[in-house]
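Asker: As they're listed, the protein sequences go chains R and P. -1 is the number of the first residue of the first sequence in my numbering; add one for each residue after it. 15 is the number of the first residue of the second sequence in my numbering; add one for each residue after it. Even glycine gets a Cβ: it sits at the ideal position worked out from N, Cα and C. Since we're looking at a predicted model, the values are computed, not measured. What follows is a structure written as structure tokens; I'll ask about it next.
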Amino acid sequence: MNQFMRKYIAVVDAMNYRVGRVAMYGIFVLVGVLMWSSISKTFFNPSMWTLEIAQFAMVAYYILGGPYSIQMGANVRMDLLYGSWPSRKKMWVDSFTIFCLIFYLGVLLYGAYDSTAYSFKYNERSPTAWRPYLWPIKVTMFVGILLMLLQSFSELMKDILQLRGEEL
Amino acid sequence: MPYELIALFMFSTMMLMMLTGQRVFGAIGFVAVVTALMLWGTGGSDIPFSAAMKLMKWYPLLTLPMFIFMGYILSESKIADDLYKMFHVWMGPINGGLAIGTILLMVLVSAMNGLSVAGMAIGATIALPELLRRGYDKVMVTGVIQAGSSLGILVPPSVVLVLYAMIARQPVGQLWLAGVIPGLMMAALFIIYIVIRCKINPALGPVLPEEERNIPLSEKVKLLRAGLLPFGIFAAMMVPFVNGWTSLVESSAIGAMTAFVIAVVKGRMTKIVFENSVRQTLLISCMFMWIILAALGFGAVFDGVGAVRAIDTLFTEQLGLSPWTILILMQLSFIVMGTFLDDTAMLVIVAPLYVPLVGALGFDLIWYGVLYTITTQIAYMTPPFGYNLFLMRAMAPPEIGITDIYRSIIPFVFIMVLALALVMAFPGIALWLPEAIYGN
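Written out as structure tokens, the structure reads:
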């Protein structure tokens, strides 16, 4: 069991680390698209696609970067009580409350699946002048939320392993 | 179950969840999902994801990563160093001058980015050691830096007002304009406070020694060039926007690009600076975005049960309170909550509950945005949980202890409450500028 958990943590963390590191540079895609948008608007014909590409890029940026931000412990917690607890107590409490997070992400993933299936079935397009297909971004979101869920389990396993007195 | 009870259930469960120390977005999202499933069965299961689509379509939110990026470039590359030198030389000869200069520095830094982190970093790592070396009172200057940097979220561009705009469904441009005069007024109040303190007791802020003051005028004028940096960045963002060439979002990208290019040209964009600013931007953006995502889901459920109407009726009809009494009570409870809640948590807990209520009571939501931001500023600084307090402890030189930090903010919190009261009593302070510009 411990062996399995170690393996899982190693695989998931490595994968999410890579995805997150790639997403990190998405900020330059965002800046680039918006810069192009301002330049084309000022000097020649405005492009139709910039607004939506920027929105898609932003969503991909934060959804795919999410698991990496969990790894880095960047998601704020309310530490009124939590902050002063010893680390073993933190791990104990976390191993229970993380199921709330997992439950939320699960419902989110279910919604993403539903919505993605819909956009495949009806070839859903965005109701704008450019009319892009919506399935690529929805698939991206689905994958990102799935990775987020995998990362939450990895965090849980880290707590369990440490509570069992194992080194990580 | 009556609506009041559902609302109460949602908030108490969320508070309880938060006390366990689970990630904020998890706690909010969980409560939203559970309530939705309980009320509407499987029909409620699409709510969290449709919040994600709503978030995507909300165009001004794109400014958030841009301003975060800009803020981190400014603080990591330290391109604002010269700015401090400028104030140092020009303001040094008067009592308390360096502290006043620091407040002015913070105003300029605030005009370049939308969070208080950049101001904190510049203040604590550049200004603070200099001030201490010159014999300034450590408690006073610690307060100066914390209060000054908190202006970052009131003076445009402001990230907090972008988030507020999303929840209150108000135009970001008007909200930003509304923050200008209150922000400058607050800075002026800080300066008046410093001047008075230093008049009574000049030892708090000694003038610069003779040899440091004898700088030839030509040198002094040369230093003024540092002031070009904030004006350059501000102008690069605002000129195309005001002329209608670009939208707010595009302007924010131009601002981020300008800051980046300046850092490169000045040779400050080293590998470490690049890595830190790009990574921090991702992490902080993710933190904000996931919280907003969860909060939007929460808000949708909250709207769905009609809880706001119920609370409104409870206060105005059953308890017979006047709208102003309710507003003042809300602001007081907000400040109290702010002292023990994390600021981002507060943003998402308070906004969905208070903002629609304020609207239902008939108050101007642009004006309330300013009140909201000032209260958030206070919350940033008040112990035991203030983001600025933690940052300060992490960044300040070792001789500044935690008790110094706690003591330092007391007078500034009073000044901020005064500013809050002024804006409440005279809504024109906030509303005059947006009305003058958008009114026609």
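Against chain R, does residue 323 of chain P count as a neighbour if the rule is that its beta carbon must be under 7 Å from one of theirs?
Answerer: no
Asker: Taking only the alpha-carbon atoms, compute the straight-line gap between residue 177 of chain P and residue 71 of chain P and give it to the nearest angstrom.
Answerer: 14 Å
Asker: Cβ closer than 9 Å: which chain P residues qualify as neighbours of residue 13 of chain R?
Answerer: Going along chain P, no residue has its Cβ under 9 Å from residue 13 of chain R, so there is no contact; the nearest lies around 17 Å.
Asker: Taking C-alpha atoms, which residue in R/74, R/114, R/27 lies nearest to residue 297 of chain P?
Answerer: R/74
Asker: Hey, could you find the ends of the alpha helix (DSSP H) residue 11 of chain R is sitting in?
Answerer: 0 to 22
Asker: Does the region 71 to 81 of chain P come within contact of the region 262 to 278 of chain P, defined as at least 3 CB pairs closer than 8 Å?
Answerer: yes
Asker: Going along chain P in order, which residues have a C-beta closer than 7 Å to the C-beta of residue 75 of chain R?
Answerer: 35, 36, 37, 38
Asker: Could you pull out every unbroken alpha helix (DSSP H) segment of at least 4 residues lying fully inside the region 58 to 126 of chain P, listed in chain order?
Answerer: 61 to 71, 77 to 91, 95 to 105, 111 to 126
Asker: Which parts of the region 320 to 393 of chain P are runs of the alpha helix (DSSP H), unbroken and 4 residues or longer, counting only runs that do not cross its ends?
Answerer: 321 to 327, 337 to 354, 357 to 374
Asker: Beta carbon of residue 184 of chain P, beta carbon of residue 380 of chain P: below 7 Å?
Answerer: yes
Asker: Along chain R, in chain order, which residues have C-beta atoms closer than 7 Å to that of residue 297 of chain P?
Answerer: 67, 70, 72
Asker: At the level of alpha carbons, what is the spacing between residue 123 of chain R and residue 198 of chain P?
Answerer: 46 Å
Asker: Any beta carbon from chain R within less than 7 Å of residue 291 of chain P's own beta carbon?
Answerer: Cβ-Cβ to chain R under 7 Å: no for residue 291 of chain P.
Asker: Does DSSP classify residue 37 of chain P as helix, strand or coil?
Answerer: In the three-state reduction of the DSSP assignment, residue 37 of chain P falls in the strand class.
Asker: Does the Cβ-Cβ distance between residue 123 of chain P and residue 135 of chain P come in under 7 Å?
Answerer: no
Asker: Which first and last residues belong to the alpha helix (DSSP H) in which residue 225 of chain P is found?
Answerer: 224 to 227
Asker: According to DSSP, what are the bridge partners of residue 131 of chain R?
Answerer: R/123
Asker: Which residues mark the beginning and the end of the alpha helix (DSSP H) in which residue 80 of chain R is found?
Answerer: Unbroken run through residue 80 of chain R: none, as it is neither H nor E.
Asker: Can you find at least 3 beta carbon pairs, one from the region 112 to 129 of chain R and one from the region 50 to 58 of chain P, that sit closer than 8 Å?
Answerer: no
Asker: Using a 10 Å radius around the Cβ and a threshold of 16 neighbouring Cβ atoms, would you call residue 109 of chain P buried or exposed?
Answerer: Counting of Cβ neighbours within 10 angstroms places residue 109 of chain P among the buried residues, the total reaching 16 or more.
Asker: Can you check the region 151 to 202 of chain P for any beta strand (DSSP E) of at least 3 residues that lies completely inside it and give the ranges in chain order?
Answerer: none
Asker: Let me know the secondary structure DSSP gives residue 162 of chain R once reduced to three states.
Answerer: Secondary structure of residue 162 of chain R (DSSP, three-state): coil.
Asker: Got a sec? Which residues, its chain only, sit under 7 Å from residue 160 of chain R by beta carbon, not counting five neighbours each side?
Answerer: 89, 166
Asker: Beta carbon of residue 352 of chain P, beta carbon of residue 305 of chain P: below 7 Å?
Answerer: In this structure, residue 305 of chain P does not lie closer than 7 Å to residue 352 of chain P by Cβ.
Asker: Helix, strand or coil for residue 45 of chain R, going by three-state DSSP, please let me know.
Answerer: coil
Asker: Are the CB atoms of residue 5 of chain P and residue 74 of chain P nearer to each other than 7 Å?
Answerer: Missing from the structure shown is residue 5 of chain P; chain P here goes from 15 to 454 and no further.
Asker: Thinking C-beta only, is residue 94 of chain P closer than 7 Å to residue 248 of chain P?
Answerer: no
Asker: Residue 7 of chain R and residue 139 of chain R - do their beta-carbons sit closer together than 7 Å?
Answerer: no
Asker: Please name the residues in the region 38 to 52 of chain P whose beta-carbon is closer than 9 Å to at least one beta-carbon of chain R, in chain order.
Answerer: 38, 39, 40, 41, 42, 43, 44, 45, 46, 47, 48, 50, 51
Asker: I'd like the span of the alpha helix (DSSP H) that includes residue 248 of chain P, first residue to last.
Answerer: Its alpha helix (DSSP H) spans residues 242 to 256.
Asker: What residues from chain R crowd round residue 129 of chain P, counting only those whose CB sits closer than 8 Å?
Answerer: Residues of chain R passing the Cβ test: none, with the nearest at roughly 14 Å.
Asker: Compare the Cα-Cα distances from residue 158 of chain R to each of R/37, R/55, R/85, R/19 and report the closest residue.
Answerer: The shortest Cα separation from residue 158 of chain R among R/37, R/55, R/85, R/19 belongs to R/85.
Asker: To which residues of the same chain is residue 443 of chain P closer than 7 Å at the C-beta, ignoring the five residues directly before and after it?
Answerer: 195, 196, 199, 436, 437
Asker: Can you check whether the C-beta of residue 260 of chain P is within less than 7 Å of a C-beta belonging to chain R?
Answerer: yes
Asker: For residue 137 of chain R, which residues of its own chain have a beta-carbon under 7 Å away from its beta-carbon, when the five flanking residues on both sides are left out?
Answerer: Result list for residue 137 of chain R: 114, in chain order.
Asker: Check the Cβ-Cβ distances between residue 95 of chain R and every residue of chain P, and say whether any is below 7 Å.
Answerer: yes
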